[in-house]
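Contents: one structure, followed by commentary.
Protein chains: 2
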Amino acid sequence: MGEFDLIHRYFQRPVRRAALGVGDDCALLQPAAGCQIAVSSDMLVQGRHFFPDADPRQLGHKALAVNLSDLAACGAQPLAFTLALALPDADAAWLEPFAQGLLALADAHGCELVGGDTTRGPRNICITVFGEVPLSGGRSQALLRSGAQPGDDLYVSGTLGDARLALEAIGGQWKLPPDLFARAAARMHRPDPRVALGQALRGLAHAAIDISDGLLGDLGHVLTASGVGARLDATTLATLLMCQGPALDAVVPKAHQLHCVLAGGDDYELAFTAPVAARAAIDMAARACQTPVRRIGSITAETGAKVVDGQGHAIRGRWPSFDHFS
Amino acid sequence: MGEFDLIHRYFQRPVRRAALGVGDDCALLQPAAGCQIAVSSDMLVQGRHFFPDADPRQLGHKALAVNLSDLAACGAQPLAFTLALALPDADAAWLEPFAQGLLALADAHGCELVGGDTTRGPRNICITVFGEVPLSGGRSQALLRSGAQPGDDLYVSGTLGDARLALEAIGGQWKLPPDLFARAAARMHRPDPRVALGQALRGLAHAAIDISDGLLGDLGHVLTASGVGARLDATTLATLLMCQGPALDAVVPKAHQLHCVLAGGDDYELAFTAPVAARAAIDMAARACQTPVRRIGSITAETGAKVVDGQGHAIRGRWPSFDHFS
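Going line by line, the protein sequences match chains A and B. So for the first sequence, our numbering puts the first residue at 1; every next one is plus one. So for the second sequence, our numbering puts the first residue at 1; every next one is plus one.
Dropping the structure here:
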C-alpha cells in the first residue's frame, strides 16, 4: 500500500463543516463570524507515551483525546484536526483499528480530520486540533490560565491518579486486584476529554487548565500566570481516586495514593477556579454535561500551593510535574 | 534544562497578530473577517528527511519552509504555526541554532510560532502552519488542484532537480565539481518557499500545487483532480536545472538530468496552470515577486501526462513520484 492509497483508504472522508478537507496542499477552515480559533498540538512517541504493543484502536482514541482535552481547557468547541503520522510500515492490521478509534472519537465531538502527513519512521503520532471560541462584546470567551483570583474556589473534574496507578501496576510496582486494574487501565487507555464541561464553564470559571502532567504541576502554571497561590484540602484529594477503597488500601499505601492524585499525570481532567458566588451555576453546568466536579480547595493571595489536612496543617511532600526533559 | 525552560528559552516570544501565543493550553488565532484559514502539516523524521548530522540551523529553516510551500500552493498568506518536537535530549548546541533558523524564516514571512509540544524521542519535527485566504463575493480565492482546464498553460516556478542531484552526490552517485555541488546542496538545504508568488497567482491561476514529491507525480494530482491531461516540452524541461551546463553534462547524463527535473523531489516550487490570456499578467506577477516562472507545456483534454521532444514525439520514461510507503 502506497502513501496515497493509505491516506485515501483510512483517512480521507468527506468534510461537513470545513471548506476543504484531505486531498489538496492545504485544508480550508471557515471559522464562524465572531469566533477565534483555538489551536493545540500534541505529539505521542512510541516507547515514551505508549507501549509498542499498545492496542491501536485505543491509541487512536487517546491521540485525539489528549488534544481535545486542551481545547476543553480553553472552553473551545472542537472543529477539525490534522494528523501527522510516522510509521515503520503501512500495516493495515494496525492502521485500520487506529483509524477507527481515532475517527469514532472525532465523530463523537464533531471534529473533522482535514489534513496531515504520513511518512516512514519510528512510530510517532502528532495531532493538531482546532476549535472555535466565541467573542462576546469583542472579548474572547476563552478560559485561560491567568484569570484565577484570591478567594476563588478550586475545582477538578472527574477522578485523578488512576492512570498512574495502572502504569505502576503494569511496571510491577503494585499487584492490583483484576477488577481494580481493569478500571484503572481504562482511565489510562481511554481518557474522556471534558469538552462539554469546558464550554459550559465559559463565563463562569476565572481560569482553567488541562492537568495531564499532574494536578500540582499544572495547577502551578495557573498560579504563576495569575500571580496567586492555592490551598488544597488533603481530605478531599484522598477521595479523588476512582479506584479508592479498602481493596486499594490493602495494596497501595495512602501516602502513595495521594501522590498519584497530586502528581500522577495522564489524567485528562480540568482544574479550574471560579468565584464562590458561582457555586450553584458550576454545579448546574457540571450536571448538565454529566461530568462530576469537586471543590478541592481555594485560591489564596499568598503565592505557592499548600496541601493541608483536616486540621489545616500543611502536609509536606514532593509532587513533581511530569517533564520530558528532567 | 527541563521541558518548560526549553520552551521558554528557545520558543516563547511575544505574538503580534495572534490573540494568544505559546504558554496556555491553546493558542488563539483571530482570523481577519472574510478570510478562510488554510492549514497544512508536515512531519520531518531523522534518517528519512534529514541526516542525523544535519546542520540544525538549516534544518530549522527547512522544517518551516516545506510547510510554507504548502501555504504558497494554495495562495495563502502565512499567519502562524505550531511546532511539535521530539528530541533525544534537550541539547542547547542543537536547539539554539535550530530555533534561530526556524524563527528567522518565520519572521521573514510574518508567521508566528504560537504553540506546540516538546517530548523526548527519536528526532522528529512536526509543524502545522496556518494562513489566511480571502473570500471574494463569498467564493474562496484559494488555489486548488482541481481547477486546471484544457488549453491552460502549464508553468513551474524557479528551478528543479538540483536537490536530487545534491542528494545523489552525497550518496556517491556523482562526483560534482565543488561549486556545482555547493549550489545544488543549497537548494536541498535552504528551500525558498514561493509564498509571494502563490498569493500573486490568486485570481490568475486555475490550479496550483507544491511539487515537493516530484514534478510529474505532483502534477498527476492536479490532472486527476481536474480530469485533464498535460503535454510537457522536454526541450524546456532540460533547462530547468539550476546547475545545467557543460560542467554538469560532463558528469551526469542528459537523460538523468531530465529524470531529476521530472521526478527529483525536494523542490519546493509551484506548478500551476493559467489561461493563455493571462500570460502577460502571470509574467508581471512573477516579476513583481522576483520569482522566475517558466511555461513548460499545456493542459490537454486527453488525460495523462506526456513528455514530448522538439518534434512533438513522446519520450518514454519512468518518473515515479516520491512515496514513503512504496
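Glycine included, every Cβ here is placed at the ideal spot set by N, Cα and C. Predicted model, so just to flag it, every value in this text is computed and none were measured.
Practice task
State the Cα-Cα distance for the pair Arg-48 (chain A) and Arg-318 (chain B), rounded to the nearest angstrom.
Solution key: Here residue 48 (chain A) refers to the residue found at position 48 when the first sequence is read from its first residue. Here residue 318 (chain B) refers to the residue found at position 318 when the second sequence is read from its first residue. So the alpha carbons of these two residues sit roughly 41 angstroms apart.
Problem - Cβ contact check for the region 147 to 160 of chain B and the region 88 to 96 of chain B: 3 or more pairs under 8 angstroms - result: no
Practice task
Identify every run of the beta strand (DSSP E) within the region 123 to 186 of chain A, keeping only runs that are complete inside it and at least 3 residues long; order them along the chain.
Solution key: 124 to 136 and 153 to 157
Handout entry: Neighbourhood of Pro-14 (chain A) by C-beta, 8 angstroms cutoff - its chain only, sequence neighbours within 5 removed
Key = Taking the first residue of the first sequence as 1, we reach residue 14 (chain A) at position 14. Excluding sequence neighbours, Pro-14 (chain A) sits near Gly-21.
Problem - Within chain B, the residues that Cys-126 (chain A) reaches when beta carbons sit closer than 9 angstroms - result: Numbered from 1 along the first sequence, position 126 holds the residue referred to as residue 126 (chain A). Within 9 angstroms Cβ-Cβ: Ser-41, Met-43, Ala-84, Ala-86, Asp-117, Asn-124, Cys-126 and Thr-128.
Practice task
Keeping to the same chain, check which residues put their C-beta closer than 6 angstroms to that of Ala-148 (chain B); ignore five residues upstream and five downstream.
Solution key: Numbered from 1 along the second sequence, position 148 holds the residue referred to as residue 148 (chain B). So the list reads His-206, Ala-207, Val-222, Ser-226, Val-228, Thr-273 and Ile-299, once near-sequence residues are dropped.
Handout entry: Inter-residue Cα distance where the pair is Leu-240 (chain A) and Ala-33 (chain B)
Key = Numbered from its first residue, the first sequence carries residue 240 (chain A) at position 240. Numbered from its first residue, the second sequence carries residue 33 (chain B) at position 33. C-alpha separation (whole angstroms): 45 angstroms.
Handout entry: Reference Gly-131 (chain A); option with closest CA among A:Gln-290, A:Leu-113, A:Gly-2 and A:Asp-25
Key = Position 131 of the first sequence, counted from the start, is the residue given in the question as residue 131 (chain A). Closest option to Gly-131 (chain A), Cα to Cα, is A:Leu-113.
Exercise for the section: Please classify Leu-240 (chain A): does DSSP put it in a helix, a strand, or coil? Expected result: In the first sequence, counting from the first residue as 1, residue 240 (chain A) sits at position 240. Coil.
Exercise for the section: Look at the Cβ atom of Cys-26 (chain A), then the Cβ atom of Asp-267 (chain B), and state whether they are nearer than 8 angstroms. Expected result: Translated into positions along the first sequence, residue 26 (chain A) becomes position 26. Translated into positions along the second sequence, residue 267 (chain B) becomes position 267. Taking 8 angstroms as the Cβ cut-off, Cys-26 (chain A) and Asp-267 (chain B) do not qualify as a contacting pair.
Exercise for the section: Consider the Cβ of Gly-172 (chain B): report whether some Cβ of chain A lies at a distance smaller than 8 angstroms. Expected result: Within the second sequence, numbered from 1, the residue matching residue 172 (chain B) stands at position 172. Chain A, which has no Cβ nearer than 8 angstroms to the Cβ of Gly-172 (chain B), makes this no.
Problem - Cβ-Cβ distance between Leu-59 (chain A) and Gly-121 (chain A) below 8 angstroms - result: Your numbering for residue 59 (chain A) matches position 59 in the first sequence. Your numbering for residue 121 (chain A) matches position 121 in the first sequence. Their beta carbons are not under 8 angstroms apart, which means Leu-59 (chain A) does not touch Gly-121 (chain A) by this criterion.
Practice task
Just the C-alpha distance for Glu-3 (chain B) and Thr-118 (chain B), rounded to the nearest angstrom, thanks.
Solution key: Position 3 of the second sequence, counting from 1, holds the residue named residue 3 (chain B). Position 118 of the second sequence, counting from 1, holds the residue named residue 118 (chain B). Rounded to whole angstroms, Glu-3 (chain B) to Thr-118 (chain B) spans 7 angstroms at the Cα level.
Exercise for the section: Alpha carbon to alpha carbon, how far is Asp-55 (chain B) from Thr-235 (chain A)? Give it in angstroms, no decimals. Expected result: As a first step, residue 235 (chain A) must be located in the first sequence, where it is residue number 235. As a first step, residue 55 (chain B) must be located in the second sequence, where it is residue number 55. So the alpha carbons of these two residues sit roughly 54 angstroms apart.
Exercise for the section: For Gln-199 (chain B), count neighbouring Cβ atoms within 10 angstroms of its own Cβ and tell me buried if that reaches 16, exposed if not. Expected result: Position 199 of the second sequence, counting from 1, holds the residue named residue 199 (chain B). It counts as buried.
Handout entry: Test: Cys-140 (chain A) CB closer than 8 angstroms to a CB of chain B
Key = The count along the first sequence starts at 1 and reaches residue 140 (chain A) at position 140. Looking at the sequence itself, residue 140 (chain A) is Ser, so the reference to Cys does not match. True, the Cβ-Cβ gap to chain B drops below 8 angstroms.
Handout entry: Exposure of Thr-291 (chain A), with buried meaning 16 or more beta-carbon neighbours within 10 Å
Key = Residue mapping note: residue 291 (chain A) aligns to position 291 of the first sequence, counting from 1. Buried, by the Cβ-count rule.
Practice task
Note down, in chain order, each residue of its chain lying with its Cβ closer than 7 angstroms to the Cβ of Arg-123 (chain B), except the 5 sequence neighbours on either side.
Solution key: Counting from 1 along the second sequence, the entry for residue 123 (chain B) is found at position 123. Excluding residues within five positions, the ones whose Cβ falls inside 7 angstroms are Gln-46, Ala-86, Leu-87 and Pro-88.
Exercise for the section: Starting from the beta carbon of Arg-48 (chain A), find every residue of chain B whose beta carbon is closer than 9 angstroms, and list them in chain order. Expected result: As a working mapping, residue 48 (chain A) is identified with position 48 in the first sequence. What Arg-48 (chain A) touches in chain B: Ala-86, Thr-119, Arg-120 and Gly-121.
Practice task
Using only alpha-carbon positions, find the residue among B:Ala-314, B:Leu-165, B:Leu-6 and B:Gly-158 that is nearest to Val-251 (chain B).
Solution key: For the purposes of this step, residue 251 (chain B) is taken as residue 251 along the second sequence, with counting starting at 1. Closest by alpha carbon: B:Leu-165.
Problem - Among B:Glu-269, B:His-61 and B:Ile-209, the one whose alpha carbon lies nearest that of Ile-127 (chain B) - result: On the second sequence, residue 127 (chain B) is found 127 positions in, with the first residue counted as 1. Checking every option, the nearest Cα to that of Ile-127 (chain B) belongs to B:His-61.
Exercise for the section: To the nearest angstrom, report how far apart His-259 (chain A) and Gly-220 (chain A) are at their CA atoms. Expected result: Within the first sequence, the letter at position 259 stands for residue 259 (chain A). Within the first sequence, the letter at position 220 stands for residue 220 (chain A). One C-alpha to the other measures close to 16 angstroms.
Handout entry: Alpha-carbon spacing of Ala-104 (chain B) relative to Ala-18 (chain B), whole angstroms
Key = Position 104 of the second sequence, counted from the first residue, corresponds to residue 104 (chain B). Position 18 of the second sequence, counted from the first residue, corresponds to residue 18 (chain B). Using only the alpha carbons, I get a separation of about 18 angstroms.
Handout entry: Ordered list of beta strand (DSSP E) runs contained in the region 25 to 100 of chain A, each at least 3 residues
Key = 27 to 29, 35 to 45 and 77 to 87
Handout entry: Exposed unless 16 or more other CB atoms sit within 10 angstroms - verdict on His-8 (chain B)
Key = Along the second sequence, one-based indexing puts residue 8 (chain B) at 8. Exposed.
Practice task
Check the C-beta distance from Gln-36 (chain A) over to Ala-196 (chain A) and give it rounded, since I have them as a contact under 8 angstroms.
Solution key: As a working note, residue 36 (chain A) is residue 36 in the first sequence. As a working note, residue 196 (chain A) is residue 196 in the first sequence. With a Cβ gap of about 19 angstroms, Gln-36 (chain A) and Ala-196 (chain A) do not count as contacting.
Practice task
Establish whether the CB of Leu-71 (chain B) and some CB of chain A are separated by less than 8 angstroms.
Solution key: Position 71 of the second sequence, counted from the first residue, corresponds to residue 71 (chain B). Output row for Leu-71 (chain B): interface = yes.
Practice task
Go to Arg-339 (chain A), then tell me how far its beta strand (DSSP E) extends in each direction, as first and last residue.
Solution key: The structure shown does not extend to residue 339 (chain A), since chain A spans only 1 to 326, so no value can be given for it.
Handout entry: Closest Cα partner of Ala-255 (chain B) within the set B:Pro-193, B:Glu-269, B:Leu-237 and B:Ala-278
Key = Translated into positions along the second sequence, residue 255 (chain B) becomes position 255. When each option's Cα is compared against that of Ala-255 (chain B), the closest is B:Leu-237.
Problem - Backbone secondary structure at Val-261 (chain A) - three-state DSSP - result: Here the question's residue 261 (chain A) lines up with position 261 in the first sequence. Looking at Val-261 (chain A) - three-state DSSP - the assignment turns out to be helix.
Problem - 8 angstroms Cβ cut-off: residues of chain B touching Cys-74 (chain A) - result: Taking the first residue of the first sequence as position 1, residue 74 (chain A) is located at position 74. Those within 8 angstroms of Cys-74 (chain A) in chain B are Asp-24, Asp-25, Cys-26 and Leu-28.
Practice task
Would you mind stating whether Gly-116 (chain A) and Ala-84 (chain A) have Cβ atoms separated by less than 8 angstroms?
Solution key: Counted from its first residue, the first sequence places residue 116 (chain A) at position 116. Counted from its first residue, the first sequence places residue 84 (chain A) at position 84. Yes, these two residues count as a Cβ contact at 8 angstroms.
Exercise for the section: Thinking Ile-232 (chain B) and Val-293 (chain B) are a contact (beta carbons under 8 angstroms), I'd like their distance in whole angstroms, please. Expected result: Here residue 232 (chain B) refers to the residue found at position 232 of the second sequence. Here residue 293 (chain B) refers to the residue found at position 293 of the second sequence. Before going further, note that residue 232 (chain B) is Leu rather than Ile in the sequence given. Not a contact, Cβ separation roughly 15 angstroms.
Problem - Alpha-carbon to alpha-carbon, Ile-209 (chain B) and Ala-280 (chain B) - result: Locating residue 280 (chain B) in the second sequence gives position 280, counting from the first residue. Locating residue 209 (chain B) in the second sequence gives position 209, counting from the first residue. Distance between the alpha carbons of Ala-280 (chain B) and Ile-209 (chain B) is about 21 angstroms.
Practice task
Compare the C-beta of Ala-19 (chain A) against all C-beta atoms of chain B and say whether one is closer than 8 angstroms.
Solution key: Within the first sequence, numbered from 1, the residue matching residue 19 (chain A) stands at position 19. Yes - at least one Cβ of chain B is within 8 angstroms of the one on Ala-19 (chain A).
Handout entry: C-beta contact flag for Ala-169 (chain A) and Ala-184 (chain A) at 8 angstroms
Key = As a first step, residue 169 (chain A) is located in the first sequence; it is residue number 169 there, counting from the start. As a first step, residue 184 (chain A) is located in the first sequence; it is residue number 184 there, counting from the start. Cβ distance < 8 angstroms, so Ala-169 (chain A) and Ala-184 (chain A) count as in contact.
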